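Under my numbering, the first residue of the sequence shown is numbered 46, with each subsequent residue one higher. Note sheet for the following structure.
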Amino acid sequence: MSLKQRRSQPTHTVEDDIDTTPSSPVSEGEGDDHGTWGALGGGSYQMTSKLETASLSKTLTWDALPEWMRDNQYIRSGYRRQQNSWKGCLYSIFGYLHNETVNIHSHLWGAVLFLVLLVITFYKVMHYPTVTWHDAAGFAVFLGAAVVCLGFSAAFHTAQCHSLPVAKSCVMLDYSGIVALIVGSFFPSVYYGFYCYPSLQMLYLGTITIAGIGATYVVLTPIYNTPEFRWTRTTVFLSLGFTGIVPVCHALHIHGMDAIYEEMGLAWLLLSGALYTIGALLYAARIPERFFPGKVDLLGASHQLFHIHVVLAALAHYISIYQAYQHVHGTKAAVCPVPVF
């Protein structure tokens, strides 16, 4: 090759090392460091050198988050980047540690646990000759609601870093799942608590179902999906759960404390309610991170504690209805001691 030919070849420039193709949006606050232009929540473009891209951390601090991803100012680090892809969201389940890892896995494996309990219950528990489809329906509604609630929760916490529209859609699934679990928990408890009173069963189950529909409407109203209405959402969920106090008191009046406590699983039922309440209050008050900002970002934050309390509460509730089931079909063989009306 001649000297003239060599001079005519294009030279390698720094632009060759620059990726100018559109890429996933990055967070506010990173523009000065990484040459980013774009609007909040979508449509961002990034001009980042390949070397810089390779060195970017998978997680962000609170200060680097876009506004729509900000929810708890006491959690200071460990936030996933906005992914804009389902692959990126799914990779975050097992791919690296972040401040949603415990939230995802606690309810993902919780959903698996209750799915296993559903199968075991139908194949190993429903063996008494007095069992009817009502028993199967009661367990199916509760265990199915638990699977739905925990599964929707795991899905939401996995996908909330996808984009703003996806996060808005998935949080509705999360709230709907909570209502489903609360309402679904009533069905077997009311069924066994008023086993010989079908009219009372219909009254209480109809009432809680209507209340659940109303609660769903409230928590799915867009204005209540914002962080400032966290206490409002918590109050709605707790109020829906506390409606169970009425049928419990009614059952106590009919059967007496000893019968309800020993035969209908009242102790486990009360434990379940206490766990739900404690978990919800920790979540709403943001304890303990409000007292230790940045210290429990990855493990021990209020939302993580809330998730664990929900799983334990649902397990306690299962033991409660299992104890009631054993009493009705194993001890009394489904014989009603009082006239049915």
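Note that beta-carbon positions come from the ideal geometry of N, C-alpha and C, so glycine has one too. The model shown is predicted, which means the values in this text are computed figures rather than measured ones.
Going by DSSP in three states, T280 sits in which element: helix, strand or coil? In the displayed model, T280 falls within a helix according to three-state DSSP.
Have a look at A204, F187 and W154 and flag the residue whose alpha-carbon is nearest the alpha-carbon of G133. When C-alpha distances from G133 are compared across A204, F187 and W154, the shortest belongs to A204.
Reference P111, options S208, D342, V341 and I353, closest by Cα: Here the closest residue by C-alpha is S208.
Between the segment 333-340 and the segment 130-144, are three or more C-beta pairs nearer than 8 angstroms? They do not touch, by the three-pair rule.
By a C-beta neighbour count over all protein chains shown, 10 Å radius and 16 as the cutoff for buried, is W313 buried or exposed? Looking at its Cβ environment, which holds 16 or more other Cβ atoms inside 10 Å, W313 is buried.
L327 in three-state terms, based on DSSP: Helix at L327.
Out of curiosity, what's the CA-to-CA distance linking A319 and Y306? Their backbone Cα atoms lie some 16 angstroms apart in a straight line.
Just to confirm the assignment, what range does the alpha helix (DSSP H) spanning E398 have? Here the chain has residues from 46 to 386 only, and residue 398 is not among them.
What are the boundary residues of the alpha helix (DSSP H) that T252 is part of? For T252, the enclosing alpha helix (DSSP H) starts and ends at P243 to L265.
Leaving out five residues on either side along the sequence, give the residues of the same chain with a beta carbon under 7 angstroms from the beta carbon of M302. The answer is none, since no qualifying residue turns up.
By DSSP, does T175 sit in helix, in strand, or in coil? DSSP, read as helix, strand or coil, puts T175 in coil.
From the DSSP output, read off the bridge partner residues of L105. DSSP lists Y124 as the beta-bridge partner residues of L105.
Work out the CA separation of N129 and Q371 for me, nearest whole Å. Put simply, the backbone Cα of Q371 is about 50 angstroms away from that of N129.
Proximity of A359 and F231 at Cβ, strictly below 8 angstroms: The criterion of a C-beta distance shorter than 8 angstroms is not satisfied by A359 and F231.
Buried or exposed, going by whether 16 or more other CB atoms sit within 10 Å of the CB of L298? Reading off the sequence, residue 298 comes out as His, not Leu. Counting other Cβ atoms within 10 Å of its Cβ, H298 stays below 16 and is therefore classed as exposed.
With DSSP collapsed to three states, give me the class of I165. For I165, the three-state secondary structure derived from DSSP is helix.
How would you label G229, buried or exposed, when you count the other beta carbons within 10 angstroms and need 16 or more for buried? G229 should be labelled buried.
Contact defined as beta carbons within less than 8 angstroms: I believe N144 pairs with Y119. What is the distance between those atoms, to the nearest angstrom? The beta-carbon distance between N144 and Y119, rounded to whole angstroms, is 11 angstroms. This is too long to meet the 8 angstroms contact definition.
Could you check which residue in L315, G375, A346 and F337 has the C-alpha nearest to that of L357? Selected option, being the one with the closest Cα: L315.
Backbone CA spacing between K213 and V373 [nearest angstrom]: For K213 and V373, the gap between their C-alpha atoms comes out near 44 angstroms.
Contact set for A260: own chain, Cβ-Cβ below 6 angstroms, skip 5 residues either direction: For A260, where only same-chain residues beyond five positions count, the Cβ hits under 6 angstroms are V224, V281 and L285.
Buried/exposed call for W178, threshold 16 Cβ in 10 Å: If you draw a 10 Å sphere on the C-beta of W178, you find fewer than 16 other C-beta atoms in it, and that means exposed.
Just reading off the alpha helix (DSSP H) that V355 is part of, what are its end residues? Taken as a continuous stretch (DSSP letters only), the alpha helix (DSSP H) holding V355 covers S347 to Q371.
For the alpha helix (DSSP H) that S208 lies in, which residues bound it at each end? No alpha helix (DSSP H) contains S208, which DSSP labels as neither H nor E.
Terminal residues of the alpha helix (DSSP H) in which F139 lies: Membership of F139 in the alpha helix (DSSP H) is indicated by the continuous run W131 to F139.
To the nearest angstrom, how far is it from the Cα of W113 to the Cα of S122? About 16 angstroms.
Rank A296, S317, L163 and V164 by C-alpha distance to the C-alpha of Y249 and give the top, closest one. It is A296.
Tell me whether T254 is buried or exposed, calling it buried when 16 or more other Cβ atoms sit within 10 Å of its Cβ. T254 comes out exposed.
Could you check whether Q246 and V10 sit closer than 8 angstroms to each other, using their CB atoms as the reference points? Residue coverage of the chain in this structure runs from 46 to 386, which leaves residue 10 outside it and unanswerable.
Helix, strand or coil: how does DSSP classify F239 here? Annotated three-state conformation of F239 is coil, per DSSP.
Measure from the alpha carbon of P292 to the alpha carbon of each residue in P233, L218, M217 and V186, then state which is nearest. Of P233, L218, M217 and V186, the residue nearest in Cα terms is P233.
Less than 8 angstroms separating the beta-carbons of G310 and S221? Taking 8 angstroms as the cut-off, the Cβ atoms of G310 and S221 do not count as close.
Would M171 and A182 qualify as a contact pair, given that the criterion is a beta-carbon distance under 8 angstroms? The beta carbons of M171 and A182 sit no closer together than 8 angstroms.
Between the Cα of F239 and those of W107, V193, E308 and S317, spot the shortest distance and give me the residue it belongs to. Of the candidates W107, V193, E308 and S317, the one whose C-alpha sits nearest the C-alpha of F239 is E308.
Should T166 go down as buried or exposed, given a rule of 16 or more other Cβ atoms within 10 Å for buried? Buried, by the Cβ-count rule.
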